[in-house]
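Okay, so the sequence shown: first residue is 12 according to our numbering, each after it adds one.
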Amino acid sequence: MKNIIIGTAGHIDHGKTSLVKALTGIDADRLKEEKQRGITIDIGFADLVLDDFRFGFVDVPGHERFVKNMLAGAHGIDLVMLVIAADEAVMPQTREHFDICRLLQVKTGLTVLTKADLVDEELLELAREEVKDFVAGSFLANAPIVAVSTKTGQGIEELKKELVKLASQTLPKTLTAVARLPIDRAFTIKGFGTVITGTLTSGQLQVGDELTILPNKINTKVRGLQVHNSATEKAFAGQRTAVNLQGISLEEIERGQVLLPAKRFDATSMLDVELELLPNVSRPLVQRTRVRLHHDTSEIMARVILLGGKELLAGEKIFAQLRLESPTFALPGDRFIIRSYSPQITIGGGRVIDALPVKHRLKDVKAVDWLAKLVKADELTQVLLFVEMLGIKGLPLSELAKRTGFADELLNKLIAQLVKTGQLIKSDSQTQHLLSKTSYEESKTEIIKRLKDFHKREPLQVGVNREEIREKLGLATEVFKMLLEQLAIEKLVVSERDILRLATHTIALSADDDKTKGLIETKCKTANFQALTYDELVKDLRIDSNKLRKIYQLLINEQKLIKVADFVFHREAINEIVKRIKLQKDKSSKLDVATFKDLTGLSRKHAIPLLEYFDLQKITRRVGNDREIL
Ligand SMILES: Nc1nc2c(ncn2[C@@H]2O[C@H](COP(=O)(O)OP(=O)(O)OP(=O)(O)O)[C@@H](O)[C@H]2O)c(=O)[nH]1
Ligand SMILES: [Mg+2]
């Protein structure tokens, strides 16, 4: 069964609630005050099964003071019934509600001329003509206009047929999308606790699902579900849904919050949008205007930062950043409405392009360029653009899921495609870090450039500390690892222990330096087990300390000399001592200081630091006062 949400729209008293009742038998006016005053104040609900469709009706108030409530109902509808009383025709809230439907891009609908019993044929025909003019050029331009009377029952059956026809033309909702339920009501039921209701606008919910409520970041669980007043295990997109939530008090919940899968998304206080001002607005929208942002079921105050323009003229579009006075949850592609602060009238609306943007300056040309690309992008390009935007930093898969709102299945498919075509690089690590090919190439060039510069500056050094380069480039560990692996495969960079160097880098010594190198090496070789300190080397060789230090460091880097505490041993001396230790193991695996001294003829001064060095090298292991040979 296909689930379709039908919304009413239209001026006060034009017969919306009566129409819903005539169709479904349900009175959607549920408040006492509504019954007393004979008007709708807040959104009401009804349902009806026709053929293969289950229609959920959202009946909205027509009163101009309750447009705010109308908006909370209008966000999730698939199909609108624009209700116009035949004896009154188009009135202010007919226009305003219709503007809202257009700005929210309600996909389909029809016009219902109510109270047909109050007019004669001629007037009805006139009303039809007026409706045709009114909807010309809009999504309702070619839609049916059905005349009905809830008093005589005229046209009700025809209307049902038209609703079924329209519903069968709507695209099925993708049930694999991420679950999302903007809350429109919350109450408690004795014995059950807190229950919220709303239209499940995407995905599905199941009893037991773990959820997070944003923007408050409250974690909860689905205890029970109801769809159209009957208990169910699962609810699907397009259903009016009541959710019994675990461990939450009513005070924590209000209209405007949204139910989402647990810990998947973040709230936001800024939205990059494409904004449109209605053609009939009397004044242009200027920089930093304070407006009421209506999105899903929420209303939030926001300032409009126009990007790439000083003002927005009636009927025109612009890219803008909305700075919200309190956080909300949104995703790219979401539609929204803006109303002026006072008087409270609908002035425009648009579409969210990026729900997690950085703060833009007024004349941020780059941001405008980027938004222009993103606004036109299909799903595949959106993924690529979001990754490209983060440049060499890249981003983990979970962040991309947050930004796009795409379900894992879709996201993985898109990424696989981009990896295959070589536009994206993905790390094998747990976080699955992503980087665009362009940034990847850029970072590679940058690493090579830095190594080149370094080798030029320090020809006697083997290379640069790996972490130092990573920090200077501002790269994530994940990304850096990926880059180094690739650079190694391409045989461009060698990474040894924590040192990076160009594969082509060799240390070229001048004849003089080469001689010094030979002298130091011979000195250390001759000293054998009786290792020298640096100061002793300087003194013995009588070489300028600055010069000696460089070559000395080079020999250590090359591991020809081994530094042990303050002493420096020649590699061969160390090898010889290790050999003796290993031989000793045949006799006993225990090694105390005295035995070690006997083996090597070393004094305590050398023996102790050496043994500690061997512990570190895992040749020996300290056990109490003795050592074990490993
Ligand atoms: N004669 C006649 N009266 C109607 C018809 N439909 C509705 N009415 C009357 O019109 C009045 C308003 O009807 P509602 O259904 O409450 O109008 P509404 O559009 O829901 O009003 P709001 O929700 O307050 O915007 C009521 O007194 C209804 O009885 C109709 O087909 N014929
Ligand atoms: Mg009503």
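Beta carbons: idealized from backbone N, C-alpha and C, even for Gly.
Q. Skipping 5 residues on each side, what residues in its chain have a beta carbon closer than 6 Å to that of L211?
A. Sequence index remark: in the sequence shown, residue 211 carries index 200 (1-based). Within the same chain, L211 has close Cβ partners L192, A246, A248, Q250, T252.
**Q.** Proximity below 8 Å, CB of F68 to CB of D53
**A.** For this step, residue 68 is matched to residue 57 along the sequence shown. For this step, residue 53 is matched to residue 42 along the sequence shown. The answer is no: Cβ separation not under 8 Å.
(Q) Would you call the region 78 to 85 in contact with the region 109 to 117, where contact means no fewer than 3 C-beta pairs closer than 8 Å? (A) yes
Q: Pull up the CB-CB distance for L382 and F397, whole angstroms please, since I reckon it's below 8 Å.
A: Taking the first residue of the sequence shown as position 1, residue 382 is located at position 371. Taking the first residue of the sequence shown as position 1, residue 397 is located at position 386. No, L382 and F397 are not in contact; Cβ-Cβ is about 12 Å, not under 8 Å.
Q. Along the chain, which unbroken stretches of the beta strand (DSSP E) at least 3 residues long are found entirely within the region 507 to 567?
A. 510 to 513
Q | Three-state secondary structure (DSSP) of F6 | A | What is shown of the chain runs 12 to 641, which leaves residue 6 out entirely.
Q: Evaluate M281 with the Cβ neighbour count: other Cβ atoms within 10 Å of its Cβ, from every protein chain shown; 16 or more gives buried, anything less gives exposed.
A: Locating residue 281 in the sequence shown gives position 270, where the first residue counts as 1. With 16 or more other Cβ atoms within 10 Å, it is buried.
Q) Does the beta carbon of V94 fall short of 7 Å from some heavy atom of ligand 1? A) Locating residue 94 in the sequence shown gives position 83, where the first residue counts as 1. Under cutoff, so the answer is yes.
Q. According to the neighbour-count rule (16 or more other Cβ atoms, all chains shown, within 10 Å of its Cβ), is L177 buried or exposed?
A. Residue numbering aside, residue 177 sits at position 166 when the sequence shown is read from its first letter. Buried.
Q. CA-CA distance, T527 and L565?
A. For the purposes of this step, residue 527 is identified with residue 516 of the sequence shown, where counting begins at 1. For the purposes of this step, residue 565 is identified with residue 554 of the sequence shown, where counting begins at 1. When rounded, the distance between both Cα atoms is 11 Å.
Q) Which residue from E45, L90, F64 puts its Cα closest to that of F77? A) Along the sequence shown, one-based indexing puts residue 77 at 66. It is E45.
Q: Taking the CB atoms as reference points, tell me whether L367 and K413 lie closer together than 8 Å.
A: Sequence index remark: in the sequence shown, residue 367 carries index 356 (1-based). Sequence index remark: in the sequence shown, residue 413 carries index 402 (1-based). Closer than 8 Å, so yes.
Q: Mind listing, in chain order, the continuous beta strand (DSSP E) runs of no fewer than 3 residues lying wholly within the region 191 to 252?
A: 192 to 200, 204 to 211, 215 to 217, 221 to 225, 229 to 238, 241 to 243, 245 to 247
Q: Use the C-beta contact count for M400: other C-beta atoms within 10 angstroms, 16 or more gives buried, fewer gives exposed.
A: The residue given as residue 400 occupies position 389 in the sequence shown. With 16 or more other Cβ atoms within 10 Å, it is buried.
Q.
Please report the straight-line C-alpha distance between R638 and P226, rounded to a whole angstrom.
A. In the sequence shown, residue 638 corresponds to position 627, counting from 1. In the sequence shown, residue 226 corresponds to position 215, counting from 1. Cα-Cα distance, rounded: 60 Å.
Q: Consult DSSP for I23 and reduce its assignment to one of helix, strand or coil.
A: Within the sequence shown, numbered from 1, the residue matching residue 23 stands at position 12. If DSSP states are grouped into helix, strand and coil, I23 belongs with coil.
Q: Spatial neighbours of F580 within its chain, please: CB distance less than 6 Å, with the 5 preceding and 5 following residues excluded, ordered by chain position.
A: Residue mapping note: residue 580 aligns to position 569 of the sequence shown, counting from 1. Excluding positions up to five away in sequence, the list reads A542, I573.
Q) Going by beta carbon distance, what residues of the same chain come within less than 8 Å of K228, once the five residues before and after it are set aside? A) To locate residue 228, count along the sequence shown from 1; it is residue 217. Once the five neighbours on either side are set aside, the close Cβ partners of K228 are A278.
Q.
Does the region 577 to 596 come into contact with the region 543 to 562, if we say contact requires no fewer than three beta-carbon pairs (one atom in each stretch) closer than 8 Å?
A. yes
Q. From this set, D307, D98, I111, K143, which residue's C-alpha is nearest T125's C-alpha?
A. Within the sequence shown, the letter at position 114 stands for residue 125. The option with the nearest alpha carbon to T125 is D98.
Q.
Please state the DSSP three-state secondary structure of L332.
A. Position 321 of the sequence shown holds residue 332. Going by the sequence as given, residue 332 is Gln instead of Leu. Strand.
**Q.** Helix, strand or coil at K43 [DSSP, three-state]
**A.** Stepping through the sequence shown from its first residue, residue 43 is reached at position 32. K43 falls in the helix class under three-state DSSP.
Q: Report yes if the C-beta of L170 is less than 7 Å from at least one heavy atom of ligand 1; otherwise report no.
A: Against the sequence shown, residue 170 aligns to sequence position 159. No, since every heavy atom of ligand 1 falls outside the 7 Å radius drawn around the Cβ of L170.
(Q) With a threshold of 7 Å (Cβ to nearest heavy atom), would D40 be considered close to ligand 2? (A) Taking the first residue of the sequence shown as position 1, residue 40 is located at position 29. Yes, the beta carbon of D40 sits closer than 7 Å to at least one heavy atom of ligand 2.
**Q.** Residue list, Cβ distance to ligand 2 heavy atoms smaller than 5 Å
**A.** K27, T28, T51
(Q) Whole angstroms are fine: how far does the CA of L34 sit from the CA of M92? (A) Indexing the sequence shown from 1 puts residue 92 at position 81. Indexing the sequence shown from 1 puts residue 34 at position 23. Spanning the two alpha carbons is a distance of roughly 12 Å.
(Q) Please give me, in chain order, every unbroken run of the alpha helix (DSSP H) with length at least 4 that falls completely inside the region 141 to 197. (A) 167 to 180
Q: Kindly indicate which residue of F340, R461, E489, L174 has the alpha-carbon position closest to the one of N476.
A: By 1-based counting over the sequence shown, the position of residue 476 is 465. It is R461 whose Cα lies nearest to the Cα of N476.
Q: Quick one: grab the DSSP three-state call for H617.
A: The sequence position of residue 617 within the sequence shown is 606, counting from 1. Reduced to three states, the DSSP call for H617 is helix.
Q.
I want to check one thing, is the minimum distance from the CB of G164 to the heavy atoms of ligand 1 below 7 Å?
A. Residue 164 sits at position 153 when you count from the first residue of the sequence shown. Because no heavy atom of ligand 1 lies under 7 Å away, the Cβ of G164 does not count as near it: no.
Q.
I'd like to confirm something about P103: is its beta-carbon nearer than 7 Å to some heavy atom of ligand 1, or not?
A. Here residue 103 corresponds to residue number 92 of the sequence shown, with the count starting at 1. No, Cβ of P103 sits at least 7 Å from all heavy atoms of ligand 1.
Q.
Given this structure, state the Cα-to-Cα distance separating D62 from I17, to the nearest angstrom.
A. Counting from one through the sequence shown, the residue named residue 62 turns up at place 51. Counting from one through the sequence shown, the residue named residue 17 turns up at place 6. The straight-line gap from Cα to Cα measures roughly 15 Å.
Q) Which residue or residues does DSSP assign as beta-bridge partners of T631? A) The residue you call residue 631 lines up with position 620 of the sequence shown. I640, per the DSSP bridge assignment.
**Q.** Buried or exposed by the 16-neighbour rule on C-beta atoms within 10 Å, applied to L633
**A.** Counting from 1 along the sequence shown, the entry for residue 633 is found at position 622. According to the sequence as given, residue 633 is Arg; it is not Leu. The residue in question, R633, is exposed, as its Cβ has fewer than 16 Cβ neighbours within 10 Å.
Q.
Which same chain residues end up closer than 6 Å to A188 when comparing Cβ atoms and leaving out the 5 residues on each side of it in sequence?
A. Within the sequence shown, the letter at position 177 stands for residue 188. Within the same chain, A188 has close Cβ partners S213, G214, A418.
Q) Taking C-beta to C-beta, are F540 and L613 nearer than 8 Å? A) Taking the first residue of the sequence shown as 1, we reach residue 540 at position 529. Taking the first residue of the sequence shown as 1, we reach residue 613 at position 602. Yes.
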